[in-house]
Structure formats: structure tokens, C-alpha cells
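The sequence shown lines up with residues 45 to 117 when you count with our numbering. Glycine residues also receive a C-beta, built at the ideal position from the N, C-alpha and C atoms. Quick caveat, the model's predicted, so the values are computed rather than measured.
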Amino acid sequence: MAQSVAQPTTTPTAVPAKLPIGAIVPWAVFFGILMLVLLYFVGAEQGATSVMNGDNVHEWVHDARHLLGFPCH
45 MAQSVAQPTT
55 TPTAVPAKLP
65 IGAIVPWAVF
75 FGILMLVLLY
85 FVGAEQGATS
95 VMNGDNVHEW
105 VHDARHLLGF
115 PCH
């Protein structure tokens with residue numbers, strides 16, 4: 045009588061999907077511009093270069109300004 049030999053089973057390996065660079069560029073540009081705008085408001089929105097009138101923006105980002113090392117007093 046012949047014995048049957050169990051065949052080893054293989055599990056499929058996960059292959060990462062390739063993301064085209066053209067899909068990343070618009071998002072990278074958007075977030076880059078957003079970060080520059082936020083950096084402006086935290087670091088330079090006061091005094092002579094002020095876009096907004098008053099001290100509202102300065103007060104909103106006051107702690108972040110100190111945390112990032114920008115002087116404001």
C-alpha cells in the first residue's frame with residue numbers, strides 16, 4: 045500500500061502596491077504650502093510684516109512661538 049505524502053502549502057506573500065509619484069506631488073505641494081503659511085503665522089505675524097490687524101494671531105500662537113524658539117517680547 046502506498047502512503048501519500050503531504051505537500052507543503054505556501055502562503056502568498058504581500059506585495060506592496062506601487063504609488064505613482066504623480067499622485068504624491070500635489071499633496072506634497074499642498075502640505076508644503078500649508079506648513080509655510082503656518083510657519084509664517086507662528087514666526088512672523090507681528091509688527092511690520094503683520095497681515096492681520098491687532099494682536100489676535102499673536103495671542104493664539106504665543107506658546108507655539110516660544111516652543112519653536114521665536115522671540116516675541
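Pull up the distance between the alpha-carbon of Val95 and that of Val59, whole angstroms please. 49 Å
Among Gln90, Ile68, Asn100, Asp99, which residue has its Cα nearest to the Cα of Pro115? Gln90
Extent of the continuous alpha helix (DSSP H) to which Ala88 belongs: That residue, Ala88, is in no alpha helix (DSSP H); it is neither H nor E in DSSP.
Nearest-angstrom Cβ-Cβ length linking Val86 and Ala67, presumed shorter than 8 Å: Rounded, the Cβ-Cβ distance is 30 Å, inconsistent with contact.
Output the distance between the C-alpha atoms of Leu111 and Tyr84, rounded to the nearest integer angstrom. 15 Å
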